[in-house]
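A.B. asks: Numbering (the working numbering), first residue to last: 4 to 161.
Glycine included, C-beta positions come from ideal geometry on N, C-alpha and C.
This is the structure, below, for whatever I ask next.
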């Protein structure tokens, strides 16, 4: 029996072109999470909001992950949430199992023709000021969870 990696064998291992830049480890961390997941694994990672917009190598990695249908969702978080930085963060939701069920344009390509839906939640306004930091209230966390659960269910029902 052939050991599976969690994705279609024709598109894995991940292409060598998915090498993150030397001076920024955000995508190295994300790719490590992806590699560490089981074949049917799901994961989420908190990263700086900038990973959604940076160009060059990071843009190529982001495009490839979207084309492979590995990114299931993106949740934007408020700025000034974490100690040591005032920048906004985001949660990127990864779903290897969903990527297995994506239909591709033709064998050997990474172009998704079905599947390919990514839920996005802007939770950047759901917080309270707590001294010099922002803090998610319990109700904000529940709203994010409820919204993402409903969006994932809606996406799967299409």
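(1) In the DSSP assignment, find the unbroken alpha helix (DSSP H) run with residue 64 in it and report its ends.
(2) Please classify residue 144: does DSSP put it in a helix, a strand, or coil?
(3) If I measure Cβ to Cβ from residue 47 and keep anything under 6 Å in the same chain, skipping five residues before and after, which residues do I get?
(4) Run through the segment 16 to 60 for me and flag every whole alpha helix (DSSP H) of 4 or more residues, listed as ranges in chain order.
(5) Is the Cβ-Cβ distance between residue 102 and residue 73 less than 7 Å?
(6) Can you list, in chain order, the residues of its chain with a C-beta nearer than 8 Å to that of residue 88? Leave out the 5 residues immediately preceding and following it.
(7) With a CB to CB cut of under 8 Å and the five nearest residues on each side skipped, what residues in its chain are close to residue 123?
(8) For residue 126, count neighbouring C-beta atoms within 10 Å of its own C-beta (all shown protein chains included) and say buried if the count is 16 or more, exposed if not.
(9) For residue 90, which beta-bridge partners are listed by DSSP?
C.D. replies: In this structure, then:
(1) On the chain shown, position 61 is the one that residue 64 refers to. Taken as a continuous stretch (DSSP letters only), the alpha helix (DSSP H) holding residue 64 covers 60 to 70.
(2) For the purposes of this step, residue 144 is taken as residue 141 along the chain shown, with counting starting at 1. In the structure shown, residue 144 sits in a helix (DSSP, three-state: H, G or I).
(3) As a first step, residue 47 must be located in the chain shown, where it is residue number 44. Here the set comprises 94 and 96.
(4) 29 to 39
(5) If you number the chain shown from 1, residue 102 lands on position 99. If you number the chain shown from 1, residue 73 lands on position 70. The answer is yes: Cβ separation under 7 Å.
(6) As a position in the chain shown, residue 88 is number 85, starting the count at 1. Answer for residue 88: 51, listed in chain order.
(7) Within the chain shown, numbered from 1, the residue matching residue 123 stands at position 120. Contacts found: 76, 77, 78 and 79.
(8) To locate residue 126, count along the chain shown from 1; it is residue 123. The residue is buried, with at least 16 neighbouring Cβ atoms inside 10 Å.
(9) Looking up residue 90 in the chain shown gives position 87. DSSP lists no partner for residue 90.
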